[in-house]
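Asks: Taking our numbering, I'd label the letters of the sequence shown as residues 797 to 1012. Take this structure first; my questions come after.
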Amino acid sequence: MSTIQSKFQKTNDFNEITYGRRSVKLYDPEVKISREEMTEILSEASRAPSSINLQPWRFLVVDTTEGKEKLAPLARFNQNQVLTSSAVIGVFIDMKNAEHMEEIFGKAVELGYMPQEVKDMQLSKVLPYYENMPASAIREVNMIDAGLASMQLMLVARAHGYDTNPIGGYEKDQIAEAFGMDKERYQAVMLISIGKSAKEGHPSYRLPVETITNWA
């Protein structure tokens, strides 16, 4: 392990993970995240909740020089993050995620998480419901779920000792096709850069609870 990487420490400190997270614009380009560790990060991020556990999020990990050079022009207002980070993770929704319903529920039964009769009921009632949902409704549900996974991914990254930045300013209508994905099926949610900050993100003011909350 390199000297740079050896100083990164995982943490279970909740306050450090939540209050220490910053949106970082410039990373140390010498820091690399192995695909083994990235797989671990994505696996932990995938523990996020989703509607009836259909897990509509899909990830595109851009961690090569060639991939970043292809991505940079599509995120022209955020090129520092793209080019200096260890990787950029494209978060997408799968508009046909219901195709995995049988696998998800079947595995839940096999592992003892779900009774067979619940699986049968879900498939008989929920699958036809999803198949007849308008695309706009599927997109709305999936976008919410992918947002939950995106936030979890950033917190998991912090727990692994890395910094992140969610990016919304990029060519959403071009990115899937640029990387060989079906743009009708896989729709962009956000980009998340990840690595070790070369310049720490600044703290930000948050509105008080009294301003953002109603009690009933």
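Glycine residues also receive a C-beta, built at the ideal position from the N, C-alpha and C atoms.
How do the stretch 985-994 and the stretch 958-974 stand: do at least 3 beta-carbon pairs fall below 8 Å, yes or no?
Replies: yes
Asks: Report back the beta-carbon spacing between Asn876 and Leu822 to the nearest angstrom; my notes put them in contact at under 8 Å.
Replies: Taking the Cβ atoms as the reference, Asn876 lies roughly 5 Å from Leu822, within the contact range of under 8 Å.
Asks: Which residue or residues does DSSP assign as beta-bridge partners of Thr960?
Replies: Ser819 and Ile990
Asks: Taking C-beta to C-beta, are Ile813 and Arg954 nearer than 7 Å?
Replies: Yes, the pair counts as a contact, with Cβ atoms nearer than the cut-off.
Asks: If I'm right that Val884 touches Trp853 with Cβ under 8 Å, what's the distance once you round it to whole angstroms?
Replies: With a beta-carbon spacing of about 16 Å, Val884 and Trp853 fall beyond the 8 Å limit used to define contacts.
Asks: When you compare only the Cα positions, how much space is there between Pro999 and Met897?
Replies: Approximately 41 Å between the Cα atoms of the pair.
Asks: Give a yes or no on whether the C-beta atoms belonging to Pro930 and Thr880 are separated by under 7 Å.
Replies: no
Asks: Ignoring anything shorter than 4 residues, give me the alpha helix (DSSP H) runs that lie fully in the stretch 826-878, in order along the chain.
Replies: Runs of the alpha helix (DSSP H) lying entirely within the stretch 826-878 and spanning at least 4 residues, in chain order: 831-841 and 861-867.
Asks: Per DSSP, what kind of secondary structure is Ala1012 in: helix, strand or coil?
Replies: coil
Asks: For Gln912, count neighbouring C-beta atoms within 10 Å of its own C-beta (all shown protein chains included) and say buried if the count is 16 or more, exposed if not.
Replies: exposed
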